[in-house]
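Report on one structure; see the data block that follows.
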Amino acid sequence: MRFLWVCLCALLLTACQTTQQNSRIIASAFNLSTGLQQKIMDRYAPKDILVQRDLVYAAQSHLTFDLYQSSQFSDLVKRPTIVWIHGGGWIAGSKAHARGYFKLLAEQGFNVVAVQYQFAPDATYPTQLQQIDQALQHLTQYAQQYHINPQQLYLAGDSAGANLASHYAALLSNPQFAQQSDFKPSIQLKQVKGLILHCGIYDLNAFVETAPDEMNIVEWGVYNLVQAYTGERKQDSEFLAQISPIQHLTADYPAVFISGGNKDFLTETQSMPMLRALQQFKIPVTTAFYPESKSWLIHEYQFFMHQKESQQTFAKTVEFILSTTDQD
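FYI, the numbering for the sequence shown is -17 to 310, going by this note's numbering.
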């Protein structure tokens, strides 16, 4: 688990006190863990997927995305496009870490766009959301060049990426929230057919308050992640509520697929409250939770395709997309 690596690093580097220094420790641990994840996912990846890497969407910031597509170009434009925002606690990660998973999705007949964004604490909220918006604007503008239909988009993310995807969807579907945030989305709500949210963070106050007390190193890590992302505003509960997607849902929010592992503390403290909030607004929602499973489904369990529950979640994801896609 990622935070075990954080623990080892933190014990070795206890002299590091600033958010910048602590973020480097946690980022190194995250990247080591996700690097191992990447190798596992690569074992399940199909070989006949076309991958275009490092396509530029924001030249000034050197921001890029990767595009995964079937080698059969004939009907690419008719296929839904999944725009995936990677996790890493807002401070780490890579658009390529789940490349094997993206190839599996492409094999199922979807276009997949994996977006890179700048990391905290060098870039703080709302920079990441603005860059996601730039990527979506670019995809819409150059859709013909990439052989995609910009009217059939799905926003997806894991962990902090799920936070960003759900936050962007709240801005897109709640004009009052967008105005309060001084944020004008570059795409239209009708372009987004649904959200795919894995092991996410939807309430930043709860994220800070419910970090496991019995695991001090997890608590330390959570505090530093929020400090990094918010620009040292971890103690400002009003601000944390203001930037928490769970606080800004409306009946216009897109349909949601939401999942979480039975051994991930975020499932009970984040995913289940988000599920109840979605249901309260009668937002169409599909779930993948396994409370009775004897498997050890940790944070980011969905990427470990050797587990039957991960395979089931993948199958449910495909069904969700097919059921919410506009049919010609």
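By construction, the Cβ of each residue, glycine as well, lies at the ideal position given by its N, Cα and C atoms.
Nonlocal neighbours in the same chain, by C-beta distance under 8 Å from residue i, ignoring five residues either side
i      : result
Gln100 : Ser43, Leu45, Thr109, Gln110 and Gln113
Glu196 : Per-residue confidence for Glu196 stands at a pLDDT of 47, beneath the threshold of 50, marking its modelled position as unreliable; the derived number appears in the next sentence. Cβ within range, chain order: n/a, list empty.
Ala40  : Gln113, Gln116, Ala117 and His120
Asp308 : Gln133, Gln134 and Lys175
Pro194 : Val200, Glu201 and Phe247
Rounded distance between the beta-carbons of residue j and residue i, thought under 8 Å
i      : j      : result
Gly182 : Phe302 : Contact flag wrong, Cβ pair sits at about 16 Å.
Phe189 : Thr232 : Not confirmed; about 22 Å, so no contact.
Gly70  : Ala142 : 6 Å
Phe285 : Ala147 : 16 Å between Cβ atoms; not a contact.
Asp246 : His281 : 4 Å
Ile67  : Gly139 : 4 Å
Top-ranked residue by Cα proximity to residue i, from the options
i      : options                          : result
Thr295 : Lys276, Phe263 and Gly243        : Gly243
Leu49  : Ala41, Pro62, Lys60 and Arg35    : Arg35
Tyr59  : Leu121, Ser5 and Phe165          : Note on identity: in this sequence residue 59 is Val, with Tyr being the wrong assignment. Selected option, being the one with the closest Cα: Leu121.
Leu135 : Lys172, Gln123 and Gln161        : Lys172
Val38  : Gln123, Leu18, Asn131 and Lys85  : Gln123
Ala125 : Leu257, Pro62 and Thr268         : Pro62
Ser15  : Tyr283, Ser292 and Ala105        : Tyr283
Ser275 : Asn145, Ala27, Glu291 and Ser163 : Glu291
Asn335 : Arg258, Tyr26, Asn13 and Ser253  : A query on residue 335 cannot be resolved here, the shown segment of the chain reaching from -17 to 310 and no further.
Tyr272 : Tyr26, Ile240 and Glu214         : Ile240
Asp164 : Pro194, Tyr107 and Val204        : Tyr107
Leu304 : Thr268, Ala40 and Leu279         : Thr268
Ile225 : Asp308, Tyr150 and Tyr26         : Tyr150
Gln293 : Asn13, Gln3, Gln(-1) and Tyr26   : Tyr26
Tyr235 : Ala105, Ala259, Gly213 and Ala40 : Ala259
Asp57  : Tyr128, Tyr205 and Pro194        : Tyr128
Bridge-paired residues (DSSP) for residue i
i      : result
Asp218 : Answer is none; Asp218 lacks a bridge partner.
Ala125 : Partner(s): none; Ala125 has no beta bridge.
Thr295 : In the DSSP output, where bridge partners are listed per residue, Thr295 has none listed.
Ala96  : Asp48 and Trp66
Val38  : Thr46
Ser241 : His180 and Ala270
Ala138 : Trp66 and Ile178
Leu14  : The partner list for Leu14 (beta bridge, DSSP) is empty, contrary to what the question assumes.
Val33  : Tyr50
Beta-carbon gap between residue i and residue j smaller than 8 Å
i      : j      : result
Val238 : Leu179 : yes
Pro227 : Ala152 : yes
Leu154 : Val65  : no
Ile31  : Ala117 : no
Gly91  : Met23  : no
Lys77  : Gln51  : no
Thr192 : Thr251 : yes
Pro157 : Lys85  : no
Ile169 : Gln119 : yes
Phe47  : Ala96  : yes
6 Å Cβ shell around residue i - same chain, five flanking residues per side excluded
i        : result
Lys298   : Ala270
Ala210   : Thr1, Ser5, Ile73, Ala102 and Pro103
Ser312   : What the structure shows of the chain is the stretch from -17 to 310, and residue 312 is not part of that stretch, so it cannot be assessed.
Thr306   : Lys175, Gly176 and Ala237
Ala9     : Ile73 and Ala74
Leu207   : Gly71
Gln20    : His79
Phe(-15) : Low local confidence applies: a pLDDT of 42 at Phe(-15) is under 50, so the model's placement there is unreliable, and no value is given.
Ser219   : Asn187
Gly213   : Thr106
Ile130   : Thr63 and Asn93
Own chain partners of residue i with C-beta closer than 7 Å, once the 5 adjacent residues on each side are dropped
i       : result
Leu(-6) : Reliability fails at Leu(-6), whose pLDDT of 42 lies under 50, so the model's placement of it is uncertain and the value that follows must be treated cautiously. Taken in chain order, the list of residues that qualify is empty.
Val300  : Gln90
Pro167  : Asp115, Leu153, Leu154 and Ala160
Ala223  : Asn187 and Gln229
Pro132  : Leu121, Thr122, Ala125 and Gln173
Met256  : Tyr184, Ile228 and Ile240
Arg215  : Phe221
Trp278  : Lys245
Near the ligand FMN: residue i beta-carbon under 7 Å from a heavy atom
i      : result
Tyr211 : Looking at this structure, you won't find the ligand FMN or any other ligand, since it has none at all.
Proximity test, Cβ basis, 8 Å: residue i and chain B
i      : result
Pro255 : Of the protein chains in this structure there is only one, and it is not chain B.
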